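Here is the structure we will look at.
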Amino acid sequence: GAVVSQHPSRVICKSGTSVKIECRSLDFQATTMFWYRQFPKQSLMLMATSNEGSKATYEQGVEKDKFLINHASLTLSTLTVTSAHPEDSSFYICSARDQASGSEETQYFGPGTRLLVL
Amino acid sequence: QKEVEQDPGPLSVPEGAIVSLNCTYSNSAFQYFMWYRQYSRKGPELLMYTYSSGNKEDGRFTAQVDKSSKYISLFIRDSQPSDSATYLCPRDGSSASKIIFGSGTRLSIRP
Chain A
0 GAVVSQHPSR
10 VICKSGTSVK
20 IECRSLDFQA
30 TTMFWYRQFP
40 KQSLMLMATS
50 NEGSKATYEQ
60 GVEKDKFLIN
70 HASLTLSTLT
80 VTSAHPEDSS
90 FYICSARDQA
100 SGSEETQYFG
110 PGTRLLVL
Chain B
127 QKEVEQDPGP
137 LSVPEGAIVS
147 LNCTYSNSAF
157 QYFMWYRQYS
167 RKGPELLMYT
177 YSSGNKEDGR
187 FTAQVDKSSK
197 YISLFIRDSQ
207 PSDSATYLCP
217 RDGSSASKII
227 FGSGTRLSIR
237 P
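If you read the protein sequences in the order shown, they are chains A and B.
At position 93 of the first sequence (counting the first as 1) the number is 92 in the numbering used here, and the numbers step up by one without a gap.
At position 3 of the second sequence (counting the first as 1) the number is 129 in the numbering used here, and the numbers step up by one without a gap.
Below is the structure:
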């Protein structure tokens, strides 16, 4: 199957700093990528839809100025957590839709990035 | 009412047993049905997907959809400890092709 990578896999930062997480589709092109957040023992919560070449679409309750998304190419989307605080500590997961698969609903998930804000 | 209902478990069965995981959904407009598996501290992995009612088999896994009852199931034959994970039956999204996840069912296979 298609492969999606994330970098870094784990990051620890101080409160108030910004953290950038990369999501790459390695062997396919993705005009649309999705960013999720998952707290311990909870379900994945969709944060935003990342669209190549245009602005991201954020889910209700997600601050777009805090979670900056850039989808500059067909294989890369980045999520920047600005002025991170301890409550932003979570597991961030991206997914990418394989536009060539013939199935719009087929999405492949990255391995996740664990963020810890001290 | 949630659009997809799934028993969160945990469900614990002995190795080798047949596992049945179930979801019910309320929106008859759903066209696409998926099962994902998520191991602890990992991203979800697509197991199976189907558009139609009936059964779809892949190795030890069988996905079953009953659109008339709005009921979907995942059967795991000859279950293994490596099958221990959380199984998710998300609902498909709108035109944006979003996938919305519920809590999933935590499955534990005892050796």
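Ideal placement from N, C-alpha and C gives every residue a C-beta, glycine not left out.
Since the model is a prediction, treat every value here as computed from it, not as a measurement.
Is the CB of residue i under 8 Å away from at least one CB in chain A?
i: residue 201 of chain B; result: no
i: residue 235 of chain B; result: no
i: residue 171 of chain B; result: yes
i: residue 229 of chain B; result: yes
i: residue 226 of chain B; result: yes
Helix, strand or coil for residue i per DSSP?
i: residue 209 of chain B; result: helix
i: residue 204 of chain B; result: coil
i: residue 140 of chain B; result: strand
i: residue 97 of chain A; result: coil
i: residue 133 of chain B; result: coil
i: residue 51 of chain A; result: coil
i: residue 221 of chain B; result: Only weak support exists for where residue 221 of chain B lies, its pLDDT of 46 falling under 50; the value from the coordinates is given anyway. Looking at residue 221 of chain B - three-state DSSP - the assignment turns out to be coil, as it is neither helix nor strand.
i: residue 192 of chain B; result: strand
i: residue 171 of chain B; result: strand
Check whether the Cβ atoms of residue i and residue j sit closer than 8 Å, and answer yes or no.
i: residue 45 of chain A; j: residue 62 of chain A; result: no
i: residue 94 of chain A; j: residue 114 of chain A; result: no
i: residue 204 of chain B; j: residue 142 of chain B; result: yes
i: residue 162 of chain B; j: residue 129 of chain B; result: no
i: residue 60 of chain A; j: residue 169 of chain B; result: no
i: residue 217 of chain B; j: residue 156 of chain B; result: yes
i: residue 200 of chain B; j: residue 189 of chain B; result: yes
i: residue 91 of chain A; j: residue 9 of chain A; result: no
i: residue 85 of chain A; j: residue 17 of chain A; result: no
Within 8 Å (strictly less), CB to CB, does residue i reach chain B?
i: residue 59 of chain A; result: no
i: residue 68 of chain A; result: no
i: residue 52 of chain A; result: no
i: residue 43 of chain A; result: yes
i: residue 77 of chain A; result: no
i: residue 74 of chain A; result: no
i: residue 85 of chain A; result: no
i: residue 91 of chain A; result: no
i: residue 110 of chain A; result: yes
Nearest to residue i by alpha carbon, out of the options?
i: residue 4 of chain A; options: A:14, A:20, A:11 and A:12; result: A:20
i: residue 198 of chain B; options: B:235, B:139, B:207 and B:213; result: B:213
i: residue 97 of chain A; options: A:108, A:42 and A:68; result: A:108
i: residue 69 of chain A; options: A:82, A:84, A:83 and A:53; result: A:53
i: residue 47 of chain A; options: A:64, A:39 and A:40; result: A:64
i: residue 225 of chain B; options: A:33, A:72, A:29 and A:71; result: A:33
Against chain A: residues of the stretch 149-174 of chain B by CB proximity under 9 Å: Under the 9 Å Cβ criterion, the stretch 149-174 of chain B contributes 157, 158, 160, 162, 164, 167, 168, 169, 170, 171 and 172.
The stretch 16-39 of chain A: positions lying closer than 8 Å to chain B by Cβ: Of all residues in the stretch 16-39 of chain A, 31, 33 and 35 have a Cβ within less than 8 Å of some Cβ in chain B.
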